[in-house]
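Structure, as structure tokens:
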Amino acid sequence: MENDAATLYCPNEYCQAANPLAHKFCQRCSTPLPKRYLWAAADSLSLGSPGEILADRYLVIGQSIILDLKPGLLPQIPELDNLEKIKAYLKLIPYRLHIPQVYGIISVNEGQSQPEILLLEKPPLLVDSTYTQIHLCSQLTAAWGDASSMRQINWLWQIAHLWQPLLTEGVGSSLLDPYLIRVEGGLVRLLELRFDHQTAPTLSQLGVFWQQLLKNAKPAIAEFLKQIIDALIDGEIHSSEQLITVLDQGLTGLGIASCGRNSPIPSTNIKIITQTDTGPSRQRNEDACYPPSGVMVSKPPQQTALAIVCDGIGGHEGGNIASNLAIETLQQQVIQLTSVPYENIDPLTIINDLEQAVALVNDKISQRNDTEHRQGRQRMGTTLVMALPIAHEMYITHIGDSRAYWITRHGCYQVTLDDDVASREVRLGYAIYREALQHSGSGSLIQALGMSKSASLHPTSQRFIIDEDAVFLLTSDGLSDFDRVEELWETEILPILGGNTNIEDVAARLIEIANTKNGHDNVTIALVHYQVKYCEPDIILKADIPTISASKTVDLTPRTTNATTLGNEYQQTQVITETKPGRITKVPLQLLIILGVLLGAGGLGYWLKIQREPQSTITPSTPSATQQPTTTVKPTPVKPTPQNSENRQESLPSPPDQSPAPE
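Every letter in the sequence shown is one number past the one before it in UniProt numbering, and letter 574, counting from 1, is 574.
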């Protein structure tokens, strides 16, 4: 319970009025009052009794749960030399759908064993509409028995995808602690991270942990899960990649059989509507969308469904050309992917095909830039966010700062991570996200379509299992700026799921809100309403454990690139085999001289070649977070503001020949 005497301060820096906790808007200036509930990750440390206020701003709600009463102020940030303790959180920001991110710290008395308390934002909490009851979401082990067979496998599938990234950062033990693993509807969410001690956990230990779930597994998948768990414990499954492959078998089998043996795919109804508007402060619309603005697409009767939002870059010199060229090319390429029968669809193939389609679009725009001799900041480009629903799965691909949100009855989740300087700083472990947002140029894009060759382009692709009704919102920053989606989703979008409104009216309302409350840019949105009918099948699934050589390993390094599933930004890269030193052979001196001359000539030719290549206006793609930067100089682009962003090209960092190279 909250303290009625406590007050919530307006985040508007020109107001900062104190308001009762029950208010949703400031009683003086009508600014929305965000309620940021935080999780205090502190071992054996009492925060105090409910109702107490810590550090003159944090209200204690319950055990380890607090509320920030001054959300407009930057929290206290750990010193740089203490960032090592929280780097796992920072580098795992691509997984913030499942892992809470660092909000700040609270300094307590130095005499205590733990002088600082780490605060994590967006923990797995249940908050009622009146904000009077706040509880932790259920543990997976407690909610397991009430879940459908599809959801049970979905939960384990998500854990399998988290296994290698967490193991890489030394926090794999988090997935073996039943207290930390919470579920919020169909999502697996962690309370905090638990650091590994001495040795990393093994998949065999994961199998032992999952054994407790067999008792309440649904009949259709009980034997299937037992085979998987036995294979984990016995070492027959020795990689998370192999585990994911087997769990995918179960998801596909349930999808085909969920509504009767004669049903070719799970019963789903999908409606898509798009809207785009120039906005009150722009002379032209550089955004583009598919389906065309105002057109409703329903599946069935249509066989395919696809939604795309693009936000052009380049102002009057070509932003609208780039965005429309992207839409035209993508819709032709992607719709072809859905012609394959559902039972024959391979998720990895879909991901690869999506990324190839994106690369094709990038090359078309880039080639047009080259043909028209556009250099530096004159090059045109576009952001992209695309949703491809296939049966009970949703594929999201994005580049830039156009976003995708996933709305269910449990919450609103931003599932894409902006390709901007701030996010890159966090992924590399240099800063906490809220601190990074304060830096100059934090919102500058680091990649967009058409700005450079496809070899340096790293789209992010994600795959979600949809086991309940949901709405996906794709939007350009004309709506998402100033946290408008987080502010309005509950009143404007959630009613779609209750059947209290239709998506056409909601789309029009979102455009109106963007124009009246933001109004600084073009605005484009797409709404995808997903209705799912699921029935427990009367089948018994069996697992087919694929045989993969134990010597076949993959190096999973955290970076924004060709991701496979579930927000996964850890690319599978080929491991270079270490060669053993052999016998040293003497080489004649004359041969060495000849080789040296040839290599020198080749190097000179390569140097001349790269000098002739056009420079990109996008900051080079993000390096692997495991690599150390060669310079500590930060990029210094000018951060765009809603008032001066007529030409979105200005939001991009300067090309390499005009500013210091980023890390």
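For each residue, glycine too, the CB sits at the ideal point set by N, CA and C.
Practice item. Less than 8 Å between the CB atoms is what I'm expecting for ILE399 and ASP419, so what's the real figure, rounded? Key: Correct: roughly 6 Å between the Cβ atoms.
Check your understanding: What did DSSP end up calling ASP544 once you bin it into helix, strand or coil?
Key -> It is coil, neither helix nor strand.
Exercise for review: Note the first and the last residue of the continuous beta strand (DSSP E) segment covering ASN154.
Suggested key: Run containing ASN154: none in the beta strand (DSSP E); it sits in the alpha helix (DSSP H), 149 to 168.
**Study point:** Pairwise C-alpha distance: VAL102 and TYR89
**Key:** Spanning the alpha carbons of TYR89 and VAL102 requires a straight line of approximately 7 Å.
Point to revise | Spatial distance of TRP39 from SER366 (CA atoms) | key: Per the coordinates, the alpha-carbon of TRP39 lies some 45 Å from the alpha-carbon of SER366.
Exercise for review: Would you check if the distance between the CB atom of ILE61 and the CB atom of TYR37 is smaller than 9 Å?
Suggested key: Less than 9 Å separates the beta-carbon of ILE61 from that of TYR37.
Exercise for review: Alpha carbon to alpha carbon, how far is LEU384 from ILE432? Give it in angstroms, no decimals.
Suggested key: Their backbone Cα atoms lie some 26 Å apart in a straight line.
Exercise for review: Please list the segments of the alpha helix (DSSP H) lying wholly inside the stretch 305 to 361, counting only runs of 4 or more residues, in order along the chain.
Suggested key: Listed in chain order, they are 319 to 334.
Check your understanding: Who are ARG182's beta bridge partners in DSSP?
Key -> Under DSSP, the beta-bridge partners assigned to ARG182 are GLN139, ARG189.
Practice item. Look at the alpha carbon of TYR9 and the alpha carbon of LEU59, and state the distance between them as a whole number of angstroms. Key: Distance between the alpha carbons of TYR9 and LEU59 is about 12 Å.
Check your understanding: Looking only at DSSP bridge pairs, what is GLY62 linked to?
Key -> ILE65.
Check your understanding: Across which residues does DSSP place ALA470 in a beta bridge pair?
Key -> BP columns for ALA470 point to TYR530.
Practice item. Tell me whether the beta-carbon of GLY450 lies closer than 9 Å to the beta-carbon of MET380. Key: In contact: GLY450 and MET380 (Cβ atoms closer than 9 Å).
Exercise for review: Please classify THR460: does DSSP put it in a helix, a strand, or coil?
Suggested key: When secondary structure is reduced to three states using DSSP, THR460 falls in the strand class.
Review point. Secondary structure at ALA41, three-state DSSP: helix, strand or coil?
Key: Of the three classes helix, strand and coil, the one that applies to ALA41 here is strand, per DSSP.
Practice item. Determine the closest residue to VAL474 out of SER456, THR304, ARG509, CYS310, with distance taken between C-alpha atoms. Key: Per the sequence presented here, residue 474 reads as Leu, with Val not at that position. Of the candidates SER456, THR304, ARG509, CYS310, CYS310 places its Cα closest to the Cα of LEU474.
**Study point:** Cα-Cα separation between ALA391 and ASP469, rounded to whole angstroms
**Key:** As the crow flies, the alpha-carbon of ALA391 is around 13 Å from that of ASP469.
Check your understanding: Alpha carbon to alpha carbon, how far is LEU254 from GLN76?
Key -> Spanning the alpha carbons of LEU254 and GLN76 requires a straight line of approximately 48 Å.
Review point. To which residues of the same chain is GLY170 closer than 7 Å at the C-beta, ignoring the five residues directly before and after it?
Key: Leaving aside the five residues that flank GLY170 on each side, the residues in its chain whose CB is nearer than 7 Å to its CB run, in chain order, ALA88, PHE195, ASP196.
**Study point:** Distance between SER149 and GLN227 (C-alpha atoms, nearest Å)
**Key:** Each residue's alpha carbon lies about 16 Å from the other.
Review point. Taking buried to mean at least 16 other C-beta atoms within 10 Å of its own C-beta, is SER540 buried or exposed?
Key: Per the sequence shown, the amino acid found at residue 540 is Ile instead of Ser. That one is exposed.
Exercise for review: Could you have a look at PHE195 and say whether DSSP puts it in helix, strand or coil?
Suggested key: Here PHE195 carries a coil assignment [DSSP, helix/strand/coil].
Check your understanding: Distance, Cα to Cα, ALA357 vs SER174?
Key -> A direct Cα-Cα distance of roughly 37 Å separates ALA357 from SER174.
Check your understanding: Should the stretch 267 to 286 be regarded as contacting the stretch 300 to 307, the criterion being three or more beta carbon pairs within less than 8 Å?
Key -> These segments touch.
Check your understanding: Over what stretch of residues does the alpha helix (DSSP H) that includes SER240 continue unbroken?
Key -> 240 to 257 is the span of the alpha helix (DSSP H), which, as asked, contains SER240.
Point to revise | Under the three-state DSSP convention, the category TYR89 falls into | key: Reduced to three states, the DSSP call for TYR89 is helix.
Exercise for review: Report buried or exposed for TYR14, applying the criterion of at least 16 other Cβ atoms within 10 angstroms of its Cβ.
Suggested key: By the neighbour-count rule (16 or more Cβ atoms within 10 Å), TYR14 is not buried but exposed.
**Study point:** GLN332 classed as buried or exposed, judged by whether at least 16 other C-beta atoms fall within 10 angstroms
**Key:** Classification of GLN332: exposed, given that the 10 Å Cβ count is below 16.
Exercise for review: Measure from the alpha carbon of GLN302 to the alpha carbon of each residue in CYS535, ASN269, ALA42, then state which is nearest.
Suggested key: That would be ASN269, whose Cα lies nearest to the Cα of GLN302.
Check your understanding: Is ILE313 near GLU286, with beta carbons less than 9 Å apart?
Key -> Cβ distance < 9 Å, so ILE313 and GLU286 count as in contact.
**Study point:** Local conformation of ARG427 per DSSP, three classes
**Key:** DSSP, reduced to helix, strand and coil, places ARG427 within a helical segment of the structure shown.
Practice item. Assign SER49 to one of three DSSP states: helix, strand, or coil. Key: Here SER49 sits in coil by DSSP.
Check your understanding: Taking just the CA atoms, how far does PRO32 sit from PHE482?
Key -> Straight-line spacing of the CA atoms in PHE482 and PRO32 works out to 11 Å.
Check your understanding: How about LYS517: is its Cβ closer than 8 Å to a heavy atom in the ligand FAD?
Key -> Ligands are entirely absent from the displayed structure, and the ligand FAD is therefore not among its contents.
Practice item. State buried or exposed for SER107, treating a residue as buried only when at least 16 other CB atoms are found within 10 Å of its CB. Key: With fewer than 16 Cβ atoms within 10 Å of its Cβ, SER107 is classed as exposed.
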